[in-house]
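Beneath this line is the structure, given in structure tokens, with notes to follow.
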Amino acid sequence: MTNFDPNRVNLEALSGPMWRVVGFNQKSVPNKRTVYLDNDSVVEMELFVKRRITNPLVVMILPMALLSILATSPLFISIEKFSDRAAIGATGCFTIVMFFFVVNEYFPKMGYLTWLHYYTIFTNMYIFGAFFATMALQVIHRKNGGETELAWRERSWKRNASLVSEHQKGVLDDAKSQGTPRDFHPKALEDTPMLGNSSRRDSWQCFPSLYRQPDQYYSQHLNDLIAAGFVVGYIMFNTFMFGIEYHRWANFDMMNPICDEDHWN
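Next up, the structure:
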């Protein structure tokens, strides 16, 4: 049996895939003799660790970001394609459930004592919130069904075009019946409703679908607004979390102050 030598401690052997041991305090040596080799000892130590940023980033953050994008993508599909939106949203929900099942079963628990725990909570809320918003918008769309402004404008355009055609035909027939077809000048057509100089100034009222982008369903506008809110909220949250992490990563373990690496430098 040999005495415990703190200078011979291999810190890399104590490190894990999600943290790195940067120092320790020896608390006691309760068992100086072990049942193993003579030069082994059982020692109580207080470890000071620093999280590895690359492992959580690749193993946790990137998959959760991809799942968040998958869960938000139904909001960018036409609201009339309910089956596609529902299938993608349900896939995102089931995938995040299975992902965290695997994480909790096989990954070390050390990472969940840090800010990563709060990030996982936000990701779950974000994905299920996006799925709920998708389903709620479908309910609103069904209750607010009917003719869109595009269909109304197309119908109005066809009606106006038929009126113009009938009026022009009537003007030409009147000119022919009077026996003066050669004297007829196209200037006479300017008196036709919705044509001529005056109608050109107000042509957007007669043919709105040709001069303005047609509106969609009210529920589609609401869908676009909610989609933009989800995207902006996700970007703001990630900026906030990674900004704090970048500020504290070098010196302090955020939300779990067990490591002050400056003390060991």
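The numbers in our numbering rise by one with no breaks, and the one at position 36 of the sequence shown is 89. Every residue, glycine too, gets a C-beta built ideally from N, C-alpha and C.
Anticipated Cβ contact below 8 Å, residue i with residue j, distance rounded
i    : j    : result
T125 : F290 : Actually they do not touch by this definition, with Cβ atoms about 13 Å apart.
I141 : Q273 : Not confirmed; about 17 Å, so no contact.
P109 : L169 : 6 Å
Residue i - partner residues in DSSP beta bridges
i    : result
K196 : K196 pairs with nothing; no bridge assigned.
N79  : According to the sequence displayed, residue 79 carries Gln and not Asn. Paired residues: M98.
Neighbourhood of residue i by C-beta, 8 Å cutoff - its chain only, sequence neighbours within 5 removed
i    : result
A281 : none
I279 : L128, A186, L190
G182 : F283
Sequence-distant residues of the same chain with beta carbon closer than 6 Å to residue i, five excluded per side
i    : result
R138 : P127, I130, T187
Q322 : Missing from the structure shown is residue 322; the chain here goes from 54 to 318 and no further.
L123 : G145
I149 : L120, I180
M117 : T176
I193 : S272
From the options, residue whose alpha carbon lies closest to that of residue i
i    : options                : result
N276 : F184, T292, T148, I297 : F184
F135 : N157, F181, A189, Y159 : A189
V156 : T144, G145, I297, T173 : T173
M98  : M117, F77, A118, M113  : F77
M113 : A143, F153, F147       : F153
F295 : R195, Y171, H194, Y159 : Y171
Neighbour-count burial assignment, residue i, 16 or more Cβ in a 10 Å radius
i    : result
T176 : buried
T292 : exposed
Y179 : buried
M151 : exposed
Neighbourhood of residue i by C-beta, 7 Å cutoff - its chain only, sequence neighbours within 5 removed
i    : result
S121 : T176, Y179, I180, Y287
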